[in-house]
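Per mature numbering (1 follows the signal peptide of the UniProt record, and there is no 0), the sequence shown runs over residues -19 to -1, 1 to 320.
Glycine residues also receive a C-beta, built at the ideal position from the N, C-alpha and C atoms.
Predicted model only: the values in this text are computed from it and were never measured.
What follows is a set of notes on a single structure, which appears directly below.
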Amino acid sequence: MKTLALAALTAGLSVTATALVAATLQSGGGGREEDGAPTPLYPTITPLDRTQPQQRGEPCLPAGLLAGARIVALGAYEGRGSTDLAIGDGPHETGAIAVTGNPKGDPVVLVLTAYEATIWDLRRFPRRRLRAVLAFGHYDQAVAGVPSSIPVRFQRRGQSSPCGQTAYAYKGGRELERLAAAVTQATGRRIDDFQGGYSATAFDVDRGAVGASGRPFDIGQIRASAEIRRERLLPKAAGIAQLVAEGALRAAGPADIDALSEALTRASPTGYLAPVRPEHLGPRAFVVLRPTAIPRGMYGAHSAVFLIPGDIEWPVDPGSHNTYYSLSSGKCRGPFCGH
């Protein structure tokens, strides 16, 4: 799949998101190998050392690295590859995106950009082609498989460095314009090629979207803008399934909804039956059976409702759109409280 040179954008042409995004993976689809089998990433490694951004007064990249190299930008809102790792202390889950390329291709400087915390897996990318990596993100970014001899520069929201301000883009429009300006500020060059997708599993810099390998990471292969730690719980629904299997949660039933109605009625000023909406107390409602933490990434459609008996501690939530009800007091925490 051909990539699109950013020269069209800088020349003032109208570039649609459809034409500009060379690899878009819609939510619900996974990466696939040539035989059609799903191949999600499941990296499992231990925490590694932190790699700091460049200090003020230093150039973003050493002189001479850009000569003869293409500037290739890859962008996503999130990495679709699953991982049990977390970068930094943000409340959102960490995803993974694999990057590959033709061993006989031209030298490149890779600009890797994402909104969510992402591990960019470059273990299969030919090292002879890789001059440097710029990893920009709203949240912390990491790269795997890049030797220490190749410069890697990290930039996230709120940081200032010789590489300029951070930016990310996965489609055409203002975000891509900001990313183009940030890359020019950092390198003095324009982006030559751009590929993007909202929820991406893997990119090939020469062919577009490809399937991820699924190989687990080895210790020592990751450089990151913040500390990396192993998460016991997988994110979103996979983590909830873990907790159900471990006996920390169970699915809520009609009797649990009745118990909640009684608790809300006792807590109401009038004593009338408090309204309990079944649409948010259906298949995504769970009873907490013991003290537990809640998985990361439970925002929007991934959120759930948790009913807490009086003798159970409230769960530890890293940040989410979840709603919590006490079955003893009727107390509520979360976006559905008061509805």
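C-alpha of Trp295 to C-alpha of Val133: approximately 41 Å in a straight line. CA-CA distance, His283 to Leu46, rounds to 43 Å.
Considering only Gly178, Glu97 and Asp174, the residue with the shortest C-alpha distance to Asp187 is Asp174.
The DSSP assignment places 51 to 60, 66 to 68, 76 to 81 and 89 to 95 as complete runs of the beta strand (DSSP E) inside the segment 40 to 98, in order along the chain (cut-off: 3 residues).
In the three-state DSSP reduction, Gln136 falls in the strand class (E or B).
Between Ala205 and Ala274 a beta carbon distance of about 22 Å is seen, past the 8 Å cut, so the two are scored as non-contacting. Judged by DSSP in its simplified three-state form, Ser206 adopts coil rather than helix or strand. Spanning the alpha carbons of Ala95 and Tyr253 requires a straight line of approximately 49 Å. Under the three-state reduction of DSSP, Asp185 is assigned to strand. When the five nearest sequence neighbours on each side are left out, the beta carbons in the same chain lying within less than 6 Å of the beta carbon of Gly69 are those of Asp121 and Ala207, in order along the chain.
In the DSSP assignment, Ser242 falls within the alpha helix (DSSP H) that extends over Pro235 to Ala248.
Just measuring C-alpha positions, the residue of Ile293, Leu66 and Ala266 sitting nearest Pro272 is Ile293.
With respect to Leu111, Val127 sits close: the two C-beta atoms are nearer than 9 Å. About 4 Å separates the beta carbon of Ala148 from that of Ala163, a gap short enough to meet the 8 Å contact definition. Short of 7 Å from the beta carbon of Pro216, and not among the five residues preceding or following it, lie these beta carbons of its own chain, in chain order: Glu74, Pro276, Arg277 and Gly278. Membership of Thr165 in the alpha helix (DSSP H) is indicated by the continuous run Arg155 to Thr168. The continuous alpha helix (DSSP H) containing Gln223 extends over residues Lys217 to Glu227.
Note that the C-beta distance between Glu97 and Gly118 is below 9 Å. By DSSP's assignment, Val297 forms a beta bridge with Ala274. Between Leu115 and Thr165, the gap from beta carbon to beta carbon reaches 9 Å or more. Residues of the same chain with a CB within less than 7 Å of the CB of Ala240, apart from the 5 flanking positions on each side, are Leu308 in chain order. Looking at the DSSP output, Thr304 sits in a beta bridge with Val286.
Take the alpha-carbon of Ser180 and the one of Trp101: they are about 13 Å apart. Under a 10 Å Cβ-count criterion, Val286 is classified as buried, with 16 or more other Cβ atoms of the shown protein chains found around its own Cβ.
Here DSSP, grouped into helix, strand and coil, assigns Gly281 to helix. In the three-state DSSP reduction, Arg105 falls in the coil class, being neither helix nor strand.
Apart from the 5 residues on each side of it in sequence, Ala54 sits with its Cβ closer than 6 Å to the Cβ of Val92, Ile172 and Phe175 in its chain, given in chain order. In this structure, the straight-line span from the alpha carbon of Arg137 to that of Gln146 is close to 8 Å. Exposed is the label assigned to Arg213, since fewer than 16 other Cβ atoms lie within 10 Å of its Cβ. Gly56 sits close to Leu160, with the two beta carbons spaced by under 9 Å. When C-alpha distances from Val225 are compared across Phe267, Asp237 and Asp185, the shortest belongs to Phe267.
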